[in-house]
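Trainee: After the structure tokens below, expect a handful of questions from me.
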Amino acid sequence: MKKQNNEKTLDVTIVTINWNVTNKLQKCIDSVLDTCKDIHYEMFIIDNNSQDMDFDEVIRKYSKYKQLKFIKNDKNEGALALNKIQNQISGRYLLILGPDTILKKNTVRELIKFMDSKADAGAATGKLLNPDGSPQLYYYRFWNISMVFYVDNIVGQMIDRFLFSYKKLRYYFGYDLDVSSIIEIEQPPGACLILRPELVLEDGYIIDPNFPFYYNDVDLCKRIWKKGYKIYLVPSAEVIHDHGSSFKKADPTWKIKEYVKSQIKYFKKHHKGKVWLLKTMIIINYLILIGISMLLTIYPKRKHSDVSLKEKIKNMLWIIWGVLIW
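Numbering of the sequence shown is given in UniProt numbering, commencing with residue 1 and proceeding in unit increments.
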């Protein structure tokens with residue numbers, strides 16, 4: 001990796017990756033331009049070969065703003081596209097924004113001020129809001145075997161529902177957090193994440209190449225945490241987030257396969273001794289789901305959906321095979 005320049009000339013380098021949400025992206029860019037007028041910054045806008053409109057039109061629209069830098073990819077590289085700017089960061093901090101976010105007044109200023117005041121802060125996020133202005137509770141705990149069982153496993157989900165009244169789900173998804181005050185959190189999403197770039201660049205990358213689409217923000221936060229730094233929620237920095245609007249366009253079957261593969265890779269990296277248990281849990285979970293699907297195919301009132309159910313069974317068998325070889 002090219003040696004990073006230690007002399008930072010800007011307050012922050014902002015970066016966002018677009019994939020087929022170009023209209024929302026323009027609102028994101030506009031919010032940066034409107035709210036960062038008193039901040040020394042640069043912004044990289046990376047397009048992952050979007051097909052929803054001509055990205056060159058976006059480049060032309062904002063061509064007069066020299067602080068905006070555009071990068072066009074010829075394929076969807078997912079979050080790995082962030083690595084293209086790792087040797088071009090001129091800001092003291094790196095702010096990762098989702099293309100479906102809109103910054104509120106003073107958001108970036110509040111994040112920079114907080115990072116300047118907290119030497120133990122490796123990263124921070126703002127208070128995420130839904131488009132209607134209500135709080136968006138999207139601050140997960142770090143994934144472990146227990147979380148996988150209660151969140152991703154049908155047996156664990158039933159136990160949590162009937163024995164714990166979803167207490168486990170609320171805990172692991174951070175629904176119990178008080179987002180009205182500054183608190184330490186574990187895994188905020190990449191929708192709005194400001195960090196000290198040197199902490200991740202010493203690994204040779206911003207995003208681990210093993211996690212292009214899923215678990216990249218989890219791994220990023222875990223790496224910062226393992227280096228002895230903390231991650232905080234700063235409620236005075238508000239961000240409107242239209243959650244997941246880009247990835248909703250992807251094929252559902254592909255998303256499940258990619259998710260499971262990334263989950264296994266994450267455990268191999270951070271919970272190596274538990275990989276066998278994770279794989280066992282995933283296989284048992286899908287065997288149960290296959291059993292349920294097979295029962296549905298013989299249920300008279302569901303005959304009309306035989307084709308889709310059989311396709312689902314085929315996909316789940318493929319995932320089980322994948323778990324064995326991934």
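Idealized CB from N, CA, C, for every residue including glycine.
1) Could you name the residues of the same chain whose beta carbon sits closer than 6 Å to that of ASN5, not counting the 5 residues immediately before and after it, in chain order?
2) Using the C-alpha atoms, what's the distance from ASP219 back to ARG228?
3) Okay, do the region 152 to 168 and the region 82 to 96 touch, 3+ Cβ pairs below 8 Å being the bar?
4) Please go through the same chain and pick out, in chain order, the residues whose beta-carbon is closer than 7 Å to the beta-carbon of CYS36, but skip the five residues on each side of it.
5) Does the region 43 to 55 come close enough to the region 181 to 190 to have 3 or more Cβ pairs within less than 8 Å?
6) Excluding the 5 residues flanking LYS257 on each side, which residues of the same chain have their C-beta closer than 7 Å to its C-beta?
7) Quick check on the DSSP output: the alpha helix (DSSP H) that includes LEU137 runs from which residue to which?
8) Taking the Cβ atom as the reference point for each residue, do HIS241 and GLY98 lie within a distance shorter than 8 Å?
9) Report the residue ranges of all alpha helix (DSSP H) runs contained in full by the region 135 to 200; include only those spanning at least 4 residues, in chain order.
10) Using the Cβ count rule (16 or more neighbours within 10 Å means buried), how would you classify PHE55?
11) According to DSSP, is PRO235 part of a helix, a strand, or is it coil?
12) Closest to ILE17 by C-alpha separation, out of LEU309, ILE96, GLU42, would be which residue?
13) By the three-class DSSP mapping on this structure, what secondary structure does VAL15 have?
14) Taking C-alpha atoms, which residue in ASP208, LEU195, MET281 lies nearest to ILE231?
15) Looking at GLY126 and VAL234, is the spacing between their C-beta atoms short of 8 Å?
16) Confirm, please, whether the CB-CB distance from TYR175 to LEU137 is below 8 Å.
17) On the CB-based measure, 16 or more other CB atoms within 10 Å of its CB, does THR9 come out buried or exposed?
18) For ASP47, list the residues DSSP reports as bridge partners.
19) On the premise that ILE264 lies in contact with TRP326, defined as a C-beta separation below 8 Å, what is that separation, rounded to the nearest angstrom?
20) With a cut-off of 8 Å, do at least 3 Cβ pairs link the region 279 to 292 to the region 201 to 220?
21) Is it buried or exposed, GLU77, if we count other Cβ atoms within 10 angstroms and call 16 or more buried?
22) What is the residue span of the alpha helix (DSSP H) that ILE284 lies within?
23) If we call anything under 8 Å between Cβ atoms a contact, is ALA191 one with LEU111?
24) What residues match up with GLY91 in a beta bridge as DSSP calls it?
25) From LYS66, ILE29, LEU82, GLN67, pick the residue whose C-alpha is nearest to that of ASN73; which is it?
26) How many angstroms separate the CA atom of ALA237 from the CA atom of GLU186?
27) Considering LEU128, what are the terminal residues of the beta strand (DSSP E) in which it resides?
28) So, VAL58 versus THR22, is the Cβ gap smaller than 8 Å?
29) Mind checking who HIS241 pairs with in its DSSP beta bridge?
30) Of the residues PHE149, ILE145, THR13, which one's Cα is nearest the Cα of LYS69?
31) Quick check on the DSSP output: the alpha helix (DSSP H) that includes LEU111 runs from which residue to which?
32) Quick check on DSSP: helix, strand or coil for TYR65?
33) Taking the alpha helix (DSSP H) that LEU220 falls in, what are its first and last residues?
34) Could you tell me which residues DSSP puts in a beta bridge with TYR41?
Mentor: This is what the structure gives:
1) Here residue 5 refers to the residue found at position 5 when the sequence shown is read from its first residue. With a pLDDT of only 45 at ASN5, under 50, the local geometry of the prediction cannot be trusted, and the value read off the model is given with reservation. Cβ neighbours of ASN5 beyond the five flanking positions: none.
2) As a position in the sequence shown, residue 228 is number 228, starting the count at 1. As a position in the sequence shown, residue 219 is number 219, starting the count at 1. Here residue 228 is Gly; the residue named in the question, Arg, does not match the sequence. Taking the straight line from one Cα to the other gives about 15 Å.
3) In short, these stretches do not touch, since the Cβ pair count stays below three.
4) Taking the sequence shown and counting its residues from 1, the one referred to as residue 36 is at position 36. The answer, listed in chain order, is VAL108.
5) Cβ pair count under 8 Å is below three, so no.
6) Along the sequence shown, read from residue 1 onward, the residue named residue 257 stands at position 257. The answer, listed in chain order, is ILE319, GLY322.
7) Against the sequence shown, residue 137 aligns to sequence position 137. Membership of LEU137 in any alpha helix (DSSP H) is not indicated, and neither H nor E is assigned to it by DSSP.
8) As a position in the sequence shown, residue 241 is number 241, starting the count at 1. As a position in the sequence shown, residue 98 is number 98, starting the count at 1. Yes, the Cβ-Cβ distance between HIS241 and GLY98 is below 8 Å.
9) Entirely contained in the region 135 to 200, the alpha helix (DSSP H) runs reaching 4 residues are, in chain order, 145 to 152, 154 to 163, 167 to 172.
10) Translated into positions along the sequence shown, residue 55 becomes position 55. Buried, because 16 or more other Cβ atoms sit within 10 Å of the Cβ of PHE55.
11) Position 235 of the sequence shown holds residue 235. If DSSP states are grouped into helix, strand and coil, PRO235 belongs with the strands.
12) Locating residue 17 in the sequence shown gives position 17, counting from the first residue. Per the Cα distances, ILE96.
13) Residue mapping note: residue 15 aligns to position 15 of the sequence shown, counting from 1. DSSP, read as helix, strand or coil, puts VAL15 in strand.
14) Residue numbering aside, residue 231 sits at position 231 when the sequence shown is read from its first letter. When only C-alpha atoms are compared, the closest one is LEU195.
15) Numbered from its first residue, the sequence shown carries residue 234 at position 234. Numbered from its first residue, the sequence shown carries residue 126 at position 126. Yes, the Cβ-Cβ distance between VAL234 and GLY126 is below 8 Å.
16) Numbered from 1 along the sequence shown, position 137 holds the residue referred to as residue 137. Numbered from 1 along the sequence shown, position 175 holds the residue referred to as residue 175. Taking 8 Å as the Cβ cut-off, LEU137 and TYR175 qualify as a contacting pair.
17) Taking the first residue of the sequence shown as 1, we reach residue 9 at position 9. With fewer than 16 Cβ atoms within 10 Å of its Cβ, THR9 is classed as exposed.
18) As a position in the sequence shown, residue 47 is number 47, starting the count at 1. DSSP lists ASN18, LYS72 as partners of ASP47.
19) Counting from 1 along the sequence shown, the entry for residue 326 is found at position 326. Counting from 1 along the sequence shown, the entry for residue 264 is found at position 264. About 5 Å separates the two Cβ atoms, so the contact holds.
20) Judged by Cβ distances under 8 Å, the region 279 to 292 makes no contact with the region 201 to 220, as fewer than three pairs qualify.
21) The sequence position of residue 77 within the sequence shown is 77, counting from 1. By the neighbour-count rule (16 or more Cβ atoms within 10 Å), GLU77 is buried.
22) Mapped onto the sequence shown, residue 284 falls at position 284. Secondary structure note for ILE284: its alpha helix (DSSP H) is the uninterrupted segment 275 to 298.
23) Counting from one through the sequence shown, the residue named residue 191 turns up at place 191. Counting from one through the sequence shown, the residue named residue 111 turns up at place 111. Not closer than 8 Å, so no.
24) If you number the sequence shown from 1, residue 91 lands on position 91. Per DSSP, LEU10.
25) Along the sequence shown, one-based indexing puts residue 73 at 73. Measuring from the Cα of ASN73, the nearest candidate turns out to be LEU82.
26) Residue mapping note: residue 237 aligns to position 237 of the sequence shown, counting from 1. Residue mapping note: residue 186 aligns to position 186 of the sequence shown, counting from 1. If I take the Cα positions, the gap works out to 18 Å.
27) The residue given as residue 128 occupies position 128 in the sequence shown. Taken as a continuous stretch (DSSP letters only), the beta strand (DSSP E) holding LEU128 covers 121 to 129.
28) In the sequence shown, counting from the first residue as 1, residue 58 sits at position 58. In the sequence shown, counting from the first residue as 1, residue 22 sits at position 22. In this structure, THR22 lies closer than 8 Å to VAL58 by Cβ.
29) As a working mapping, residue 241 is identified with position 241 in the sequence shown. According to DSSP, which records beta bridges pairwise, HIS241 is partnered with THR101.
30) Counting from 1 along the sequence shown, the entry for residue 69 is found at position 69. Ranking PHE149, ILE145, THR13 by Cα distance to LYS69 puts THR13 first.
31) Within the sequence shown, numbered from 1, the residue matching residue 111 stands at position 111. It spans 107 to 117 - the alpha helix (DSSP H) in which LEU111 sits, taken as one unbroken run.
32) Locating residue 65 in the sequence shown gives position 65, where the first residue counts as 1. Taken through DSSP and simplified to helix, strand or coil, TYR65 comes out as coil.
33) Along the sequence shown, read from residue 1 onward, the residue named residue 220 stands at position 220. Its alpha helix (DSSP H) spans residues 216 to 226.
34) As a position in the sequence shown, residue 41 is number 41, starting the count at 1. Paired residues: VAL12.
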